[in-house]
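**Student:** Have a look at this one.
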Amino acid sequence: MNPIKIKFWGVRGSIPTPGPRTVRYGGNTSCVELRFPGVPPFIVDAGSGIRELGKELLRQDTPVKAYIFLSHFHWDHIQGLPFFKPAFQSGSHLIIHGCDEPDVELNNIISMQMDPIYFPITIEDMAADVEFKNMSEGIYSVEGIRIDAKFMHHPGYTLGYRFTYQDRSIVYICDNEPFNKDWEKPSVDPQHKASLKDRFESYVDDKEAGLVEFISGADLLIHDSQYFPEEYQKRVSWGHSPFTYSVDIAVKGRVKHLVLFHHDPDHDDEAVDRITWLSRQRLVDHGYKIPCEAAREGMEILLR
Ligand SMILES: [Zn+2]
Numbered sequence: 331m332n333p334i335k336i337k338f339w340g341v342r343g344s345i346p347t348p349g350p351r352t353v354r355y356g357g358n359t360s361c362v363e364l365r366f367p368g369v370p371p372f373i374v375d376a377g378s379g380i381r382e383l384g385k386e387l388l389r390q391d392t393p394v395k396a397y398i399f400l401s402h403f404h405w406d407h408i409q410g411l412p413f414f415k416p417a418f419q420s421g422s423h424l425i426i427h428g429c430d431e432p433d434v435e436l437n438n439i440i441s442m443q444m445d446p447i448y449f450p451i452t453i454e455d456m457a458a459d460v461e462f463k464n465m466s467e468g469i470y471s472v473e474g475i476r477i478d479a480k481f482m483h484h485p486g487y488t489l490g491y492r493f494t495y496q497d498r499s500i501v502y503i504c505d506n507e508p509f510n511k512d513w514e515k516p517s518v519d520p521q522h523k524a525s526l527k528d529r530f531e532s533y534v535d536d537k538e539a540g541l542v543e544f545i546s547g548a549d550l551l552i553h554d555s556q557y558f559p560e561e562y563q564k565r566v567s568w569g570h571s572p573f574t575y576s577v578d579i580a581v582k583g584r585v586k587h588l589v590l591f592h593h594d595p596d597h598d599d600e601a602v603d604r605i606t607w608l609s610r611q612r613l614v615d616h617g618y619k620i621p622c623e624a625a626r627e628g629m630e631i632l633l634r
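The sequence shown runs 331 to 634 under our numbering.
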């Protein structure tokens with residue numbers, strides 16, 4: 331069977347963090363490339379990591395066609411798009427998927443970050459054929475790949491994606507935090523709270539069960555593991571997970587491989603090493619033996 335290739339171009343959360351402290355894992359923000367056999371590249375999120383990927387794609391002889399899936403529109407997931415060179419190349423064809431916000435459509439959300447106030451060139455300057463496709467919770471098919479999309483527990487509208495090709499599945503959940511009563515605490519803005527409730531209706535009364543079902547049996551789970559538990563306690567409702575949750579959910583979902591993702595900008599390489607070691611230890615404690623590593627810029631995984 332032809333392998334699926336997964337390559338990590340950006341693994342950091344929140345803001346790019348170049349410098350000697352992060353050189354081993356990398357400082358670019360979220361961007362993952364999925365290569366299914368015989369299909370144009372799927373690119374998940376357009377953080378600063380997409381810039382180098384764009385240069386790589388332009389090295390091929392044929393015009394670039396790519397499917398881009400945005401989890402949500404916080405800066406660290408879209409800030410690389412204005413620097414994605416294939417977008418400025420005529421003959422390129424980009425199909426950008428993401429979820430409309432209630433009052434703003436996807437194409438406007440993307441073009442707003444290139445408003446002249448923020449950026450010298452506008453989205454109209456993109457010479458590529460750029461299409462926008464709205465996605466919400468549901469099941470989609472692109473080039474014969476099944477894509478399940480589900481809202482995650484993160485401020486705003488944030489999708490997790492499950493890509494399935496010939497019985498092999500990759501789940502990408504970049505920004506997500508545990509379900510617990512704390513998200514209903516009074517300090518949460520009432521309007522925001524209402525929108526969270528709307529989004530999670532489909533989880534019915536056991537929200538975590540919906541997440542476990544979504545990741546169930548996946549060959550690869552890429553999951554937000556931004557914090558140590560003691561850090562998370564001070565940042566409940568910020569929309570990110572302690573590594574302990576990533577491990578526990580991986581065990582509950584019986585996934586076959588866990589990649590820790592969306593590293594905290596304040597974590598140096600040693601901190602990410604520690605999170606990796608503790609995650610592996612926790613898997614041992616659960617008696618659940620699967621590969622587990624922290625995402626690293628340039629890392630490739632082949633799924634056979
Ligand atoms: Zn993020």
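We treat Cβ as the ideally placed atom computed from N, Cα and C, and that holds for glycine.
Please go through the same chain and pick out, in chain order, the residues whose beta-carbon is closer than 6 Å to the beta-carbon of Ser546, but skip the five residues on each side of it.
**Tutor:** What you label residue 546 is simply residue 216 of the sequence shown in a count that begins at 1. Gly583, listed in sequence order.
**Student:** Could you tell me if Ala457 is buried or exposed, where buried requires 16 or more neighbouring beta carbons within 10 angstroms of its beta carbon?
**Tutor:** As a first step, residue 457 is located in the sequence shown; it is residue number 127 there, counting from the start. Ala457 should be labelled exposed.
**Student:** Inspect the beta-carbon positions of Ile469 and His427 and report whether they are closer than 8 Å.
**Tutor:** Sequence index remark: in the sequence shown, residue 469 carries index 139 (1-based). Sequence index remark: in the sequence shown, residue 427 carries index 97 (1-based). Against a cut-off of 8 Å, the Cβ pair of His427 and Ile469 comes out as no contact.
**Student:** By the 10 Å Cβ neighbour count, where 16 or more other Cβ atoms means buried, how is Met482 classified, buried or exposed?
**Tutor:** Within the sequence shown, residue 482 is the residue found at index 152, counting from 1. Answer is buried; the Cβ neighbour count reaches 16.
**Student:** By Cβ distance below 6 Å, which residues in the same chain neighbour Arg476 in space, the five residues on each side in sequence not counted?
**Tutor:** Numbered from 1 along the sequence shown, position 146 holds the residue referred to as residue 476. Result list for Arg476: Thr494, in chain order.
**Student:** Quick check on the DSSP output: the beta strand (DSSP E) that includes Asn358 runs from which residue to which?
**Tutor:** Stepping through the sequence shown from its first residue, residue 358 is reached at position 28. Neither: Asn358 is in no beta strand (DSSP E) and is coded neither H nor E.
**Student:** Ordered along the chain, which non-local residues of its own chain (more than five positions away) have a Cβ less than 8 Å from that of Thr452?
**Tutor:** Stepping through the sequence shown from its first residue, residue 452 is reached at position 122. Closer than 8 Å at Cβ, skipping near neighbours: Ser441, Met444, Asp445 and Pro446.
**Student:** Can you list, in chain order, the residues of its chain whose CB lies under 7 Å from that of Ser378, leaving out five sequence neighbours each side?
**Tutor:** Position 48 of the sequence shown, counted from the first residue, corresponds to residue 378. Same-chain partners within the cutoff: Gly340, Pro346, Asn358, Thr359, Gln409 and Gly410.
**Student:** When the Cα of His592 is compared with those of Val581, Tyr575 and His570, which residue comes out closest?
**Tutor:** The residue you call residue 592 lines up with position 262 of the sequence shown. Measuring from the Cα of His592, the nearest candidate turns out to be His570.
**Student:** Only counting the same chain, and skipping five residues up and downstream in sequence, which positions put a Cβ closer than 6 Å to that of Val374?
**Tutor:** Position 44 of the sequence shown, counting from 1, holds the residue named residue 374. Within the same chain, Val374 has close Cβ partners Val362, Phe399 and Tyr502.
**Student:** In chain order, what are the residue ranges of uninterrupted beta strand (DSSP E) at least 3 long that sit wholly in the segment 406 to 444?
**Tutor:** Fully enclosed beta strand (DSSP E) runs of 3 or longer: 423 to 428.
**Student:** For the beta strand (DSSP E) containing Phe462, name the first residue and the last one.
**Tutor:** Residue numbering aside, residue 462 sits at position 132 when the sequence shown is read from its first letter. Note, Phe462: beta strand (DSSP E), Asp459 to Asn464.
**Student:** Quick check on DSSP: helix, strand or coil for Ile620?
**Tutor:** Mapped onto the sequence shown, residue 620 falls at position 290. In this structure, Ile620 counts as coil in the three-state DSSP scheme.
**Student:** Does Thr392 pass the burial test, meaning 16 or more other C-beta atoms within 10 Å, or should it be called exposed?
**Tutor:** Looking up residue 392 in the sequence shown gives position 62. Exposed, since its Cβ has fewer than 16 Cβ neighbours within 10 Å.
**Student:** Which residues mark the beginning and the end of the alpha helix (DSSP H) in which Ala539 is found?
**Tutor:** For the purposes of this step, residue 539 is taken as residue 209 along the sequence shown, with counting starting at 1. Note, Ala539: alpha helix (DSSP H), Lys537 to Ile545.
**Student:** Since I believe Ile500 is in contact with Leu541 (beta carbons under 8 Å), could you give me their beta-carbon distance rounded to a whole number of angstroms?
**Tutor:** On the sequence shown, position 211 is the one that residue 541 refers to. On the sequence shown, position 170 is the one that residue 500 refers to. That pair is no contact at about 16 Å.
**Student:** Going by Cα to Cα distance, which pick from Lys564, Leu590, Lys586 and Val585 is closest to Thr574?
**Tutor:** Looking up residue 574 in the sequence shown gives position 244. Nearest option by C-alpha distance: Leu590.
**Student:** With DSSP run on the structure shown, which of helix, strand or coil describes Asp578?
**Tutor:** Position 248 of the sequence shown, counting from 1, holds the residue named residue 578. It is helical.
**Student:** Give the DSSP-derived three-state secondary structure of Lys385 in the structure shown.
**Tutor:** Within the sequence shown, residue 385 is the residue found at index 55, counting from 1. Three-state DSSP puts Lys385 in a helix.
**Student:** Starting from the C-beta of Glu382, find all residues in its chain whose C-beta is less than 7 Å away, skip the five residues before and the five after it, and write them out in chain order.
**Tutor:** What you label residue 382 is simply residue 52 of the sequence shown in a count that begins at 1. These residues qualify, in order along the chain: Trp339.
**Student:** Measure from the alpha carbon of Gly342 to the alpha carbon of each residue in Ala376, Glu386 and Gly384, then state which is nearest.
**Tutor:** On the sequence shown, position 12 is the one that residue 342 refers to. First, the amino acid is wrong: residue 342 is Arg here, not Gly. The shortest Cα separation from Arg342 among Ala376, Glu386 and Gly384 belongs to Ala376.
**Student:** Could you check which residue in Asp455, Pro450, Lys415 and Ile439 has the C-alpha nearest to that of Tyr487?
**Tutor:** Position 157 of the sequence shown, counting from 1, holds the residue named residue 487. The shortest Cα separation from Tyr487 among Asp455, Pro450, Lys415 and Ile439 belongs to Ile439.
**Student:** For Gln556, which residues of its own chain have a beta-carbon under 6 Å away from its beta-carbon, when the five flanking residues on both sides are left out?
**Tutor:** Reading the sequence shown from its first residue, position 226 is the one you call residue 556. If we look at Gln556 and ignore the five residues flanking it on each side, its Cβ neighbours are Gly343, His570, His592 and Asp594.
**Student:** To the nearest angstrom, how far is it from the Cα of Ala625 to the Cα of Asp615?
**Tutor:** In the sequence shown, residue 625 corresponds to position 295, counting from 1. In the sequence shown, residue 615 corresponds to position 285, counting from 1. Rounded to whole angstroms, Ala625 to Asp615 spans 22 Å at the Cα level.
**Student:** Under the three-state reduction of DSSP, which class applies to Ala396: helix, strand or coil?
**Tutor:** Working through the sequence shown from its first residue, we reach residue 396 at position 66. Strand at Ala396.
**Student:** In the DSSP assignment, what are the bridge partners of Val501?
**Tutor:** As a first step, residue 501 is located in the sequence shown; it is residue number 171 there, counting from the start. Answer is Arg492 and Leu551.
**Student:** So what's Ile605 in DSSP terms, helix, strand or just coil?
**Tutor:** Here the question's residue 605 lines up with position 275 in the sequence shown. In the structure shown, Ile605 sits in a helix (DSSP, three-state: H, G or I).
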